[in-house]
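Asks: Pasting a structure here, questions to come.
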Amino acid sequence: MTEPTIRPTGIREVTFGPGVTVMTPVNLYECTIGAGCFIGPFVEIQKGVVIGPGCRIQSHAFICELVTIGRDCFISHGAKFVNDTFRGGGPARGDRSRWGATRVGDRVAIGTNATLLPVTICADVVIGAGAVVTRDITEPGFYAGNPARRLRGVEAERS
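With the numbering used here, the residue at position 17 of the sequence shown is 62, and numbering never jumps.
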């Protein structure tokens, strides 16, 4: 019988802003977490990710490499970010040149179990629970479905 390779999880080489709260267990490594953020339990945030100040990352969220999240965002339970779209018919298998980046603007709320492929999302957007975001979002508003579609603008909520 062969022995497995065991790699410990935890918090390693993370840059934290002041006033960050982290609920363990988590797997955070080589990333940047802005001031006043909350990171829930069972969250993984990978190398190179930047989380802006005032964000709340709820339990079981997965934020992979090449993701940047703006200020005052809410990432709900089980939200997943994807950087490998299998465009060659299967996983990139370490070929990072085939990965894509995701940029999330300020004041974006991402619902429970939403999945985001490599996209850019403008500020002031709400992504519904279970949505699959496959294309850039360039207009503020509410988006839901698979693939995610704009339901309405934010102006309805302000009146």
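Built from N, CA and C at the ideal position, the CB exists for glycine as well.
(1) With 8 angstroms as the threshold, decide whether the Cβ of V164 is near any Cβ in chain D.
(2) Thinking C-alpha only, which one of E75, R152, P86 and V149 is nearest T66?
(3) Per DSSP, what are the beta-bridge partners of N72 in this structure?
(4) Could you check which residue in D169, N72, T157 and T60 has the C-alpha nearest to that of A80?
(5) Beta-carbon within less than 6 angstroms of E89's beta-carbon, same chain only, minus the 5 sequence neighbours each way: which residues are those?
(6) Does R180 come out as helix, strand or coil in the three-state DSSP assignment?
(7) Relative to the alpha-carbon of C82, which residue among I182, I120, V164 and G139 has its alpha-carbon at the smallest distance?
Replies: Looking at the coordinates:
(1) Here there is only one protein chain, and chain D is not present.
(2) Considering only alpha carbons, the answer is P86.
(3) DSSP lists E89 as partners of N72.
(4) Considering only alpha carbons, the answer is T60.
(5) Once the five neighbours on either side are set aside, the close Cβ partners of E89 are N72 and F107.
(6) When DSSP states are grouped into helix, strand and coil, R180 belongs to the coil group.
(7) Taking the Cα of C82 as reference, the smallest distance to any Cα among I182, I120, V164 and G139 is reached at I120.
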